[in-house]
Structure formats: C-alpha cells, structure tokens
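The opening position of the sequence shown corresponds to residue 134 in my numbering, with each subsequent residue numbered one higher. Written below as structure tokens is the structure these notes are about.
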Amino acid sequence: MIAETVCSAVSAAGLGIAAVTAYRKRYLAAARIAAYSLIPLGLVLTGAVGWAVDTAFSPTAWLGFGLLGGAWAMFLGIRAVEKRKGIPGRKERRAAKAAARRDAVAPTASAPSLGGGRTAEPARPAATPQPQPKGRKQTAAGAGDDFSDIEAILKKHGI
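Encoded structure:
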C-alpha cells in the first residue's frame, strides 16, 4: 500500500516537472521527463511493485535467493579447482575442437578423375610467372594458372 502511494506521488511530481519544462518551451526534454515519470505508475498498475514488495518481505524468497547464491559459489569453486588442476575449460575444449576441424584435410582427387585418363600436368612453381598467349588478357597475377584445373574438368565432361 505504501509502495503504491510513493510510486503514484513520484509519477505526479514528475508530470508536474514535465509541465513546467514544457511551459519553458523545451518540449523534447518535457516529453522525456513525462516518459520517465510514467514508469513507476505503470509498474504499480501491472502489479510488479506488489510482487517486489511481497518478495522482499518473504522468508521463502530469501531462502531461494540464498540457495541461488550458494549454487553460484559452488560453480565458482569448481572452476577454480579445474583451473588449478589444469583441467581444460569450455573455451579450451572449443578451441581444440576448432583446431582439429581446421587441421582436417579433405581427400584429394585422383589423377585420372582430373585428366580423363591422361596424365595430369606437373605443377608449375608459383614464383615464376608463365607467359600468356597473345590475345588473352590476364586480370590478376597467376590467374591463368588458377583456371587450368577447371579447364581440364570441363574438357573431361565435354563442355
């Protein structure tokens, strides 16, 4: 009962200050003050204030908060023991799993599947640029080398 009265008085005072601010032609500030002053009244009307008051003075609620705090303290203690013994935590396990995924190598294709029964060309060193045939434009350095595998696959399929 007292909490509802206090919240209503705070809202009424805030709306009064908002009216004075609007009278001074500061409409945006007045609207902001009015919005803030309506929050306590809205909390009273929704029943949130009554719930908070009932919770604050309930021994059962305080017992529940105590149990939650004890559980939180246990979690912190367990983490401290894990760190001291060197047991990897969640972040370390996740990083190890990601590293294992990154290190996994995809199987390579066999030579006959790339060349259609012919032997594949030996790999050219990347450091020495190969001359381009005349009439062909190269957009980036080494772009002709990148498409040789694709051309072989397309020729194999008759495209």
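A virtual CB, placed ideally from N, CA and C, is assigned to each residue, including glycine.
Between the alpha carbons of F198 and E225 lies a distance of about 32 angstroms.
Membership of R227 in the alpha helix (DSSP H) is indicated by the continuous run R223 to D236. A direct Cα-to-Cα measurement between R223 and A145 gives close to 51 angstroms. Here P173 is near V143, since their CB atoms are less than 9 angstroms apart. Per DSSP, the unbroken alpha helix (DSSP H) holding R165 starts and ends at Y160 to T179. With contacts defined as CB atoms closer than 9 angstroms, A181 and A163 fail to qualify as a contacting pair.
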